[in-house]
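Written out below as structure tokens is the structure these notes cover.
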Amino acid sequence: MDISAHIAAGLKQLGNPGVVTEDCFSKLLEAGVSVITDSQKLPNLTQLCNFKGDAIKESYAALLSVLIEAARHDIYPDALSIILLQDYNFGAQRNDKLIGIYRQYKTRLQAALSHIGTHPPHIIDASWTLDYCIKASNLEQVGDFLYLIQFHTESCQGCGSGTSVSRFKFLCTQEELQDLVWKLRDAVRHVERIANTCDLSQRCYTNLAK
Numbered sequence: 001m002d003i004s005a006h007i008a009a010g011l012k013q014l015g016n017p018g019v020v021t022e023d024c025f026s027k028l029l030e031a032g033v034s035v036i037t038d039s040q041k042l043p044n045l046t047q048l049c050n051f052k053g054d055a056i057k058e059s060y061a062a063l064l065s066v067l068i069e070a071a072r073h074d075i076y077p078d079a080l081s082i083i084l085l086q087d088y089n090f091g092a093q094r095n096d097k098l099i100g101i102y103r104q105y106k107t108r109l110q111a112a113l114s115h116i117g118t119h120p121p122h123i124i125d126a127s128w129t130l131d132y133c134i135k136a137s138n139l140e141q142v143g144d145f146l147y148l149i150q151f152h153t154e155s156c157q158g159c160g161s162g163t164s165v166s167r168f169k170f171l172c173t174q175e176e177l178q179d180l181v182w183k184l185r186d187a188v189r190h191v192e193r194i195a196n197t198c199d200l201s202q203r204c205y206t207n208l209a210k
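Below you can see the structure in the form of structure tokens.
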């Protein structure tokens, strides 16, 4: 996880019962998950914990950051538990509570994050038809095959708005189609390499957790 020094300091405060009481910790945890997954308004921290000062604000910001970063990197709960215990001095009870919430809401956290930001459309289906060009307007005779390609793409419409499917078409020659196929295959291999690298990283986290 990419945690700044400021957020790291906030996490240590969050794990310190002398700074954040157990009751306040539970309320911050519940409020944090609701803000991310249900798009709730940011709570009034002073009223929530009946405590004034920047320590609560810093702790709450750190809590949101660790939940978001862990979900974004798809970190296993056991691996996150080790990080909190070893690097941020969380006690067993407080650690178990945070990890339990993360385990329960991890999928919803990732779903909420998927609706944040700009996401290019991704291809979900394709169809094609074959045509034959006998003559063009600027040539007397062409005699070449043309392929009419249609891509079906899906785009995210924002949190709670679902997705939309659109279609676009283009014509290409046989050589252009072959070039497109090779580029798509290269893209698939590149994605598979990235996926394998991420899987290896997760296995390392899992081994550390055992």
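Residue numbers (full-length UniProt numbering): 1 to 210. Glycine is no exception: its CB is placed at the ideal position from the N, C-alpha and C atoms.
In the structure shown, histidine 122 adopts extended strand secondary structure according to DSSP, grouped into three states. The straight-line gap separating the alpha-carbon atoms of leucine 148 and tyrosine 76 is approximately 45 Å. One thing to note: serine 4 has its Cβ no nearer than 8 Å to the Cβ of leucine 28. Here the C-alpha atom of arginine 108 lies approximately 9 Å from the C-alpha atom of valine 33. A Cβ-Cβ contact shorter than 8 Å links leucine 84 with glycine 15.
The continuous alpha helix (DSSP H) containing asparagine 95 extends over residues 92–113.
Listed as beta-bridge partners of glutamate 58 by DSSP are no residues whatsoever. It is roughly 37 Å from the alpha-carbon of isoleucine 82 to the alpha-carbon of aspartate 186. For the pair valine 35 and leucine 80, the CB atoms are not nearer than the 8 Å cut-off.
With contacts defined as CB atoms closer than 8 Å, isoleucine 194 and phenylalanine 151 fail to qualify as a contacting pair.
For the 8 Å CB-CB criterion, leucine 11 and tyrosine 88 form a contact.
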